[in-house]
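Have a look at the structure below before the remarks.
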Amino acid sequence: MSFKLHPLIDNGLKKGSESFSGGTLSCHCPSEKVTVSLSSNVLHNHACGCSKCWKPSSAIFSIVGVIPTSNLSITANASKLHIVDASAPIQRHACKSCGVHMFGRIEIEHAFKGLDFVHVELSGEEGWQEPQFAAFVSSVVEQGLVAPEDMEGVRGQLKGVGLETYDALSPGLMDAIATFVAKKNGTLRTSKL
Ligand SMILES: [Zn+2]
Ligand SMILES: [Zn+2]
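Residue 103 in full-length UniProt numbering sits at position 103 of the sequence shown; the count goes up by one each step and never skips.
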């Protein structure tokens with residue numbers, strides 16, 4: 001059996017375009033949509049199994065990418081946005097009417113400060129970078145979305161479309177976060193090799 005992981009995963013990944021220059025995200029409201037304009041492609045697009053990232057109904061995973069904050073602007077109905085959880089490191093700005101998360105922003109000192117988190121499926125344009133890996137995969141068990149005994153199948157399905165599965169972020173991104181912390185703590189080591 002196959003699981004409905006996410007519409008952008010279930011039929012195989014569609015490779016993004018190198019020359020793609022961005023597009024517009026729209027919320028799910030039938031009218032007076034919140035729109036957000038992105039002036040470049042996303043970096044580090046990935047599938048995420050955590051409980052905080054927005055996902056479409058019936059999907060098990062979210063697809064979330066990052067983009068420099070300066071490449072994002074709210075272009076319509078900004079007054080409908082609210083912050084889902086002001087105490088979270090990522091301030092997720094969602095439409096109050098339909099619940100769709102339009103962008104997440106980090107305001108605290110953090111390795112990823114300066115990057116906004118977005119969901120490219122909210123755009124009608126094609127060419128967005130395809131997901132590169134799947135993060136926080138085991139979280140889907142915690143949330144009751146997948147039975148533990150079905151996880152081998154879920155991981156197999158992700159790997160089948162080319163997504164390596166991790167239970168945090170990818171090693172490169174985890175190292176980037178750790179490097180930021182080491183710099184802040186003054187414990188950053190230089191290579192002796
Ligand atoms: Zn909406
Ligand atoms: Zn997430």
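Note that CB positions come from ideal geometry on N, CA and C, so glycine has one too.
When DSSP builds the beta bridges, which residues end up paired with residue i?
{"i": "D92", "result": "The question names Asp, but residue 92 in the sequence shown is Arg. Looking at the DSSP assignment, R92 forms a beta bridge with G104."}
{"i": "H46", "result": "V64"}
{"i": "D116", "result": "I67, R105"}
{"i": "G23", "result": "L38"}
{"i": "S123", "result": "L25"}
Span of the alpha helix (DSSP H) holding residue i?
{"i": "S139", "result": "139 to 142"}
{"i": "A135", "result": "No alpha helix (DSSP H) contains A135, which is instead part of the beta strand (DSSP E) from 133 to 135."}
{"i": "P7", "result": "7 to 10"}
{"i": "G162", "result": "Taken as a continuous stretch (DSSP letters only), G162 belongs to no alpha helix (DSSP H), as it is neither H nor E."}
{"i": "D175", "result": "171 to 185"}
Suppose contacts are defined by Cβ-Cβ distances below 7 Å. Is residue i in contact with residue j by that definition?
{"i": "S97", "j": "C29", "result": "yes"}
{"i": "L163", "j": "A134", "result": "yes"}
{"i": "residue 198", "j": "E32", "result": "No information on residue 198 is available, as it lies outside the stretch 1 to 193 that the chain covers here."}
{"i": "V118", "j": "G65", "result": "yes"}
{"i": "T165", "j": "V137", "result": "yes"}
{"i": "H44", "j": "P131", "result": "no"}
Could you give the residue range of the beta strand (DSSP E) that holds residue i?
{"i": "T75", "result": "72 to 76"}
{"i": "L81", "result": "81 to 83"}
Which residues are close to ligand 3, meaning CB closer than 7 Å to any heavy atom, in chain order?
Absent from the structure shown: ligand 3. Ligands present: ligand 1 and ligand 2.
With three or more beta-carbon pairs closer than 8 Å as the criterion, would you say the region 125 to 141 touches the region 14 to 25?
yes
Cβ contact (3+ pairs, closer than 8 Å) linking the region 165 to 185 and the region 105 to 120:
yes
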